[in-house]
Structure formats: structure tokens, C-alpha cells
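In UniProt numbering, the protein residues as written are 1 to 310.
Pasting the structure below:
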């Protein structure tokens, strides 16, 4: 939509005040940055059908609410996918905002999460419709195949297992996540490891899908869980990799079940506990997770990484 057409010009006799004109310019810029030329084409068609509605969307939507939103383009696009799922019958808009979310750095898992969230409020049928609409585009954007997911029972609780399939024969790699994380910690790493073998990740007791499990008694308790897991999955021997807390689990498992381990990789971990980790666990149990999360972000990520992926 050029500057001499529609809301940016004569508007069929409509004369904008300076503030109105500024909102039009801001709205045009925001719409273009958010979703590209297709959004501009849609807005132009809308204004041809209904000039008043077109101006309202451009000035007050894209020129107002979107411009002043603190969530950024990525957050705005994700929220809109969820809202459109709730509304239903918005196929074209779903396409535009799914593309916008991907353009501004949203992951497939984030888009799936907002669709799942909407289903909790409006029911499965509308979420299924959105999923059908977005499936092909999400698949085209993938760099790697998605893992197979299944729920596995481990004595007194269920956990979620993600398996990254590989055509390379041999023992699989088991990745064990850090404290306060879950198996999604490895969602970028695991697909890359399929070049050397099958990869398995799971949620430790008290984390992720298994967050409602009875409390962990000791590292030996977590070794029992891992033993049940490899038995259930039919894994005779594996390369066991663990990060931080997961590294401690990996070490204890290797000592307790050496016949089940081909190799051990212990990353950023220790062979014994540390008072600082104990204090963090105590704070978590006392309900101070928000403060712990903020501290962890500062420890784990550079300011540049946080800015790119808030």
C-alpha cells in the first residue's frame, strides 16, 4: 500500500488529523515489519471493502496497540496465533501470523505450545483446525526431524521420553538434563547427535512432565529410575551424557550399572555435592523459583543471547 493510496492519502474524502496520519504511518510500518507485504495487501483489500474498518485496524491496531506492545513482534505474533485459534475460521490470518512468528524467531515448540494453550479454553476442535493449517508450514521450517514422544511409567511416576531416531547402528546416547530444567534442554543439541546414533532424553523425577513425582530421596533413587527406563526401552548398553545435576546422575548410574554403560560424559558437574547447590534447592522448595530463574539466566546466558531470545 503506497503512501498516496488509501489511509495514507485521501481516504475517499477522509481527512486525518496530524496524530491520525502519524498512526497511519506507524501502523503501515509495524504491519510491514511484523508480517511483510502480504499483510499490507490484506489491509489494503480490507480498506477497499470497508474504509472505516480498514482505517481503524491500521490506526488503532497496528498504529496503536501493536506499536506500544512490550511483547515485541515475536510475542505479538504468538499471542495472535492463540487468539485466532480461539476465534476459529481464521485460516488466512493464521497463515500470516504463523509466518510472522517464525520470521521473528519463534520456535515450532513455542507455536505448538500456544495452540495447546488455546485448546484448554476453547476445546480441541479449534486447536486441531489450527494445527492442520500450520502443520505444513512448520514442517517446512524445520532444520531437523521432531523427536518421537511417549510417556513411560517408572515405578511411582510417569515421565516423558523424547527419542531422536538415527539410521546409525549401535548403542544410543542418553542425555540427562540439569537441575530445574527438563529434556527440552537438549532440543537443539539432540538432533545434531543423530549423525552418530539414536538419542534419548527424559525428564528427571521432579522436573518437566515428571514434576508431580514423589520427592527424590537420593541420587541412588534417580539411578533406579534410569535403570527402569533403559529396561522399559529395551536398551542394553548406552553412551550416557549428563549435564550438571544430570552429570551426577550419570556418574552414579555408571558406578551402579557399569554393564549398561559403553561410555560416560559428565559435563559441568562434580563427583560430590556443593553447599551452594544445596542452598538453591532449599530456596526452590521454599517457593523462590522466580528469583532462582532470574539468577540462572544471568549465569547461563550472555546479554547478547538474552536480547536475541527473551
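Cβ coordinates follow ideal geometry from the N, Cα and C atoms, glycine included.
query                                                                                                                                : result
Inter-residue CB distance, residue 35 and residue 100 (contact presumed, cutoff 8 Å)                                                 : 4 Å
For residue 193, the first and last residue of its enclosing alpha helix (DSSP H)                                                    : 189-193
Residue environment, residue 29, which counts as buried when at least 16 other CB atoms sit within 10 Å                              : exposed
Per-residue burial, residue 308 [other beta carbons within 10 Å of its own, 16 or more giving buried]                                : exposed
Range covered by the beta strand (DSSP E) that runs through residue 150                                                              : 148-154
Cβ-based burial, residue 294 [other Cβ within 10 Å; buried from 16]                                                                  : exposed
Neighbour-count burial assignment, residue 23, 16 or more Cβ in a 10 Å radius                                                        : buried
Euclidean distance between Cα positions of residue 301 and residue 49                                                                : 49 Å
Terminal residues of the beta strand (DSSP E) in which residue 157 lies                                                              : 157-164
Separation of residue 248 from residue 211, as counted between CA atoms                                                              : 19 Å
Residue 218 (DSSP reduced to helix, strand or coil)                                                                                  : coil
Under 9 Å between C-beta atoms of residue 182 and residue 133                                                                        : no
Anticipated Cβ contact below 8 Å, residue 199 with residue 175, distance rounded                                                     : 7 Å
CB-CB length for residue 31 against residue 62, believed under 8 Å                                                                   : 4 Å
Uninterrupted beta strand (DSSP E) stretches inside the UniProt domain "AB hydrolase-1" (171-271) (no shorter than 3 residues)       : 173-176, 199-202, 238-243 and 261-267
Residue 165 burial status per 10 Å Cβ neighbour count (16 or more: buried)                                                           : exposed
Distance between beta carbons of residue 142 and residue 188, contact taken as under 8 Å                                             : Rounded, the Cβ-Cβ distance is 13 Å, inconsistent with contact.
Contacts around residue 4, its chain only, beta-carbon distance under 6 Å, and the 5 residues preceding and following it disregarded : In this prediction, residue 4 has a pLDDT of 39, which is less than 50 and means its spatial position is unreliable; what the coordinates show is noted afterwards. Same-chain partners within the cutoff: there are none.
Any non-hydrogen atom of the ligand MN closer than 8 Å to residue 99 Cβ                                                              : The ligand MN is not among the ligands present in this structure, which contains no ligands whatsoever.
Where residue 143 sits in the DSSP three-state scheme                                                                                : coil
CB contact flag (residue 78, residue 58, <9 Å)                                                                                       : no
Short Cβ contact (9 Å threshold) for residue 206 with residue 219                                                                    : no
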